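K.L.:
Residue numbers (the numbering used here), protein chains in the order written: chain G, 1 to 293; chain S, 1001 to 1201.
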Amino acid sequence: MRDFDYQIVEDAAKELYIRALCDLPPDVREALRRAHEKETNPTAREIFEAMFRAIEIADEQKTLICQDTGLPIYMVKIGSGFPWNGYEIKTRLNKGAERATREFPFRGSSTHPLTRKNPQTSVGERLPVITFDYIKDAEVLDILMVPKGSGSENMSTMKMFYPADGVAALKKFVVDSVFESGGNPCPPGIIGVGIGGTADLVMRLAKEAIVRPVGQRNEDPQVAEMERELEEAINAMGRGPMGLGGDISTLAVHIETAYTHITQNPVAVNTQCWPARRSRVKIHPDGRVEYGY
Amino acid sequence: MATYHLQSPFTEKEIRRLRVTDTVYFDGPLFGIRDLTQIYMFDQKHIPPVSLEGMPCIHTAPSLRKVNDRWEKVCVGTTTSTRMDRFSPDLIGKYGVRAIIGKGGLYEGSLEAMKKYGAVYLAIVGGAAALETQQIQEVEAVYWEHLHPEALYKFRVRDFGPLTVAMDSHGRHLYFEVKEEAKRRLPEIYQKLGVGQRERG
Chain G
1 MRDFDYQIVE DAAKELYIRA LCDLPPDVRE ALRRAHEKET NPTAREIFEA MFRAIEIADE
61 QKTLICQDTG LPIYMVKIGS GFPWNGYEIK TRLNKGAERA TREFPFRGSS THPLTRKNPQ
121 TSVGERLPVI TFDYIKDAEV LDILMVPKGS GSENMSTMKM FYPADGVAAL KKFVVDSVFE
181 SGGNPCPPGI IGVGIGGTAD LVMRLAKEAI VRPVGQRNED PQVAEMEREL EEAINAMGRG
241 PMGLGGDIST LAVHIETAYT HITQNPVAVN TQCWPARRSR VKIHPDGRVE YGY
Chain S
1001 MATYHLQSPF TEKEIRRLRV TDTVYFDGPL FGIRDLTQIY MFDQKHIPPV SLEGMPCIHT
1061 APSLRKVNDR WEKVCVGTTT STRMDRFSPD LIGKYGVRAI IGKGGLYEGS LEAMKKYGAV
1121 YLAIVGGAAA LETQQIQEVE AVYWEHLHPE ALYKFRVRDF GPLTVAMDSH GRHLYFEVKE
1181 EAKRRLPEIY QKLGVGQRER G
């Protein structure tokens, strides 16, 4: 049985949080650039230009792009080819997130839900949000980190429709959710949609949808077509960057699906703001770490 | 759509010249406030120890660091304004604030006060704290320190912006107008998606 030093996971958890806050993924940068090119509204164009300056300053000074350090989410994929210790991983991710907060240092945004006391650690009861999934035959430990900001998270919606309402009701729900949220989630970002599953799974599908690289289509052609349709519909509303008017209100709509109950028709919307932050690491059993997005 | 470079504190005349969709940059003092600051001021009736006459106020809970007796900026961003709407008319009418800076706008009552007294809402680009922080030259003072990070802050800024005039002193409200236009477009958008009248929700 090979030994693995789980300190590596803790250090990676800290590094992931900081990277995600300071360094926007290349696909997000490119999507914002393309959006700026297409935008004709002068106010909206100026807003994009301010976004690019913020990104530039964050790059130069290795500092936070947005002040909302968010709630830490770690999506872990465990390769079945190595006996990874899930409990160790969970514990280390928690410590790593706290160390990022204390050592960088940055403002912690976690709080007790009733007393509203902020421990200034970014973690707490049931935080970080950690999900586990498994990859067949690989040895690697793949961790994706999302510091989820509150402006966008507060715009989350979910509804349990009847099958008789059909797919049209789901599309209308997505459009209506985006209409209601206006400029609050700092658009244009990524709109994640979940369809199917149970009430909790559908919300999780929507969250998984926002971490996909911008514009990467769902593999199912019918779902991919819905993604395109909804992007067009949302941009047609004309809310624009920061809800101040413009051609581009979203960079992409991503949909994730799951089988559901024969009498259920669930849909969920989770929005990611324009600084669509995420970071990723692949950890190998020999201790090698590869950072990416 | 005009661009203005102003100096704070602002006069009524220059604020009344601004129109929705104009862009503003400014130099000078800027006061940071948030929920607790205003609860302290208005609900708990504490008069600010400094004049806010003609001043801009920004909705923020800044991340600062105290080094000896001085405060240094770490990361300063802007928060959503709507939850602080109920304080804004008094901020304008009672204390003479001429510009409220935030994201998302304020409601009718604040728009009325802006028209009456000559004030505007300037929308900042949310999520661009890196830019905002750089434009703050120094943290001149922190009043009511015990409320930190929701105290009353005096920043000195240079070329602060771009700020979009989203609510002006002539009754225009850009967020409302954009929302109304989106609402007008919805029937055609629904039709294109194949959404009929039958659909629930």
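Note that CB positions come from ideal geometry on N, CA and C, so glycine has one too. Remember, predicted model here, so these are calculated numbers, not experimental data.
Is there a Cβ of chain G sitting closer than 8 angstroms to that of Cys1057(S), yes or no?
P.N.:
no
K.L.:
Spatial neighbours of Cys186(G) within its chain, please: C-beta separation below 6 angstroms, excluding the five flanking residues on both sides.
P.N.:
Gly151, Cys273 and Trp274
K.L.:
According to DSSP, simplified to helix, strand and coil, what is Pro213(G)?
P.N.:
coil
K.L.:
Give every residue of the same chain whose Cβ lies closer than 8 angstroms to the Cβ of Trp84(G), excluding the five residues on either side of it in the sequence, and list them in chain order.
P.N.:
Phe4, Ile78 and Leu141
K.L.:
Which residue marks the beginning of the alpha helix (DSSP H) containing Asn235(G), and which one marks its end?
P.N.:
Pro221 to Ala236
K.L.:
Check distances from the C-beta atoms of the region 1094 to 1117 of chain S to those of chain G and list, in chain order, the residues that come in under 7 angstroms.
P.N.:
The region 1094 to 1117 of chain S vs chain G, Cβ under 7 angstroms: Lys1103 and Gly1104.
K.L.:
Which residues in chain B have a C-beta closer than 8 angstroms to the C-beta of Arg1185(S)? List them in chain order.
P.N.:
No chain B appears in this structure, whose protein chains are G and S.
K.L.:
Roughly how many angstroms lie between the CA atoms of Val129(G) and Asn94(G), to the nearest whole one?
P.N.:
9 angstroms
K.L.:
What span of residues does the alpha helix (DSSP H) with Asn94(G) cover, start to end?
P.N.:
Counting along the chain, the unbroken alpha helix (DSSP H) around Asn94(G) starts and ends at Gly86 to Glu103.
K.L.:
Can you name, in chain order, every residue of its own chain whose Cβ lies under 8 angstroms from the Cβ of Phe173(G), other than the five neighbours on each side?
P.N.:
If we look at Phe173(G) and ignore the five residues flanking it on each side, its Cβ neighbours are Thr157, Lys159, Phe161, Val267 and Val269.
K.L.:
By the criterion of Cβ-Cβ separation under 7 angstroms, what are the contact partners of Lys1179(S) in chain G?
P.N.:
By Cβ distance, chain G contributes Gly182.
K.L.:
Put Gln120(G) into one of helix, strand or coil per three-state DSSP.
P.N.:
coil
K.L.:
Which of the three DSSP states is assigned to Phe173(G) in this structure?
P.N.:
helix
K.L.:
Taking C-alpha atoms, which residue in Asp23(G), Glu98(G) and Val9(G) lies nearest to Gly295(G)?
P.N.:
Lying before the first or after the last residue shown, residue 295(G) is absent from chain G, which here runs from 1 to 293.
K.L.:
How would you list, in chain order, the residues of chain G whose beta-carbon sits under 8 angstroms from the beta-carbon of Ser1063(S)?
P.N.:
Chain-ordered, the chain G residues with CB closer than 8 angstroms to the CB of Ser1063(S) read Gln67, Phe106 and Arg107.
K.L.:
In the structure shown, what three-state DSSP assignment does Pro1056(S) receive?
P.N.:
strand
K.L.:
Where does Phe132(G) land, buried or exposed, given buried means 16+ other C-beta within 10 angstroms?
P.N.:
exposed
K.L.:
Can you give me the C-alpha to C-alpha distance between Thr115(G) and Pro42(G), rounded to a whole angstrom?
P.N.:
45 angstroms
K.L.:
For the beta strand (DSSP E) that contains Asp142(G), what are its first and last residues?
P.N.:
Leu141 to Lys148
K.L.:
Using DSSP with H/G/I as helix, E/B as strand and the rest coil, what is Met1(G)?
P.N.:
Residue placement at Met1(G) is poorly supported in this model, since its pLDDT is 48, which falls under 50; the coordinates still yield a value, given next. Reduced to three states, the DSSP call for Met1(G) is coil.
K.L.:
Since Ala1061(S) and Ala58(G) are thought to touch, with beta carbons under 8 angstroms apart, how far apart are those beta carbons, to the nearest angstrom?
P.N.:
With 8 angstroms as the limit, Ala1061(S) and Ala58(G) do not qualify as a contact, their Cβ atoms being about 20 angstroms apart.
K.L.:
If you drop the 5 nearest sequence neighbours on each side, which residues of the same chain put their C-beta closer than 7 angstroms to that of Gly183(G)?
P.N.:
Arg239, Met242, Gly243 and Leu244
K.L.:
Decide if Asn218(G) is buried, meaning its Cβ has at least 16 other Cβ atoms within 10 Å, or exposed.
P.N.:
Burial is judged here by how many other beta carbons sit within 10 angstroms of a residue's own beta carbon; Asn218(G) has at least 16 and is buried.
K.L.:
Pick from Lys117(G), Gly124(G), Thr101(G) and Gly194(G): whose alpha carbon is nearest that of Arg19(G)?
P.N.:
With distances taken between Cα atoms, Arg19(G) lies closest to Thr101(G).
K.L.:
Quick one: what's Phe48(G) bridged to in DSSP?
P.N.:
Answer is none; Phe48(G) lacks a bridge partner.
K.L.:
Report yes or no: is there a C-beta of chain G within less than 8 angstroms of the C-beta of Thr1023(S)?
P.N.:
For Thr1023(S), the answer is yes, since a Cβ of chain G falls inside 8 angstroms of its Cβ.
K.L.:
When the Cα of Phe1010(S) is compared with those of Leu1064(S), Cys1057(S) and Gly1104(S), which residue comes out closest?
P.N.:
Cys1057(S)
K.L.:
For Met242(G), which residues in chain S fall below 7 angstroms Cβ to Cβ?
P.N.:
Lys1103, Ala1123, Val1125 and Gly1126
K.L.:
Are three or more beta carbon pairs between the region 201 to 218 of chain G and the region 1136 to 1155 of chain S nearer than 8 angstroms?
P.N.:
no
K.L.:
Name the residues in the region 199 to 233 of chain G whose C-beta lies less than 7 angstroms from a C-beta of chain S; which are they?
P.N.:
Glu229 and Ala233
K.L.:
Mind pulling the chain S residues with CB within less than 8 angstroms of Leu294(G)?
P.N.:
Lying before the first or after the last residue shown, residue 294(G) is absent from chain G, which here runs from 1 to 293.
K.L.:
Per DSSP, what kind of secondary structure is Met1114(S) in: helix, strand or coil?
P.N.:
In the three-state DSSP reduction, Met1114(S) falls in the helix class (H, G or I).
K.L.:
Assuming Ala258(G) is part of the beta strand (DSSP E), what are its boundary residues?
P.N.:
Thr250 to Thr260
K.L.:
Along the region 1144 to 1173 of chain S, where does the CB come closer than 9 angstroms to a CB of chain G? Name the residues.
P.N.:
Pro1149, Gly1161, Pro1162, Thr1164 and Ala1166
K.L.:
Is it a yes or a no for the region 1068 to 1081 of chain S touching the region 63 to 79 of chain G, going by three-plus beta-carbon pairs under 8 angstroms?
P.N.:
Because the criterion of three Cβ pairs below 8 angstroms is met, the region 1068 to 1081 of chain S and the region 63 to 79 of chain G touch.
K.L.:
Around the Cβ of Met1001(S), are there at least 16 other Cβ atoms within 10 angstroms (buried) or fewer (exposed)?
P.N.:
exposed
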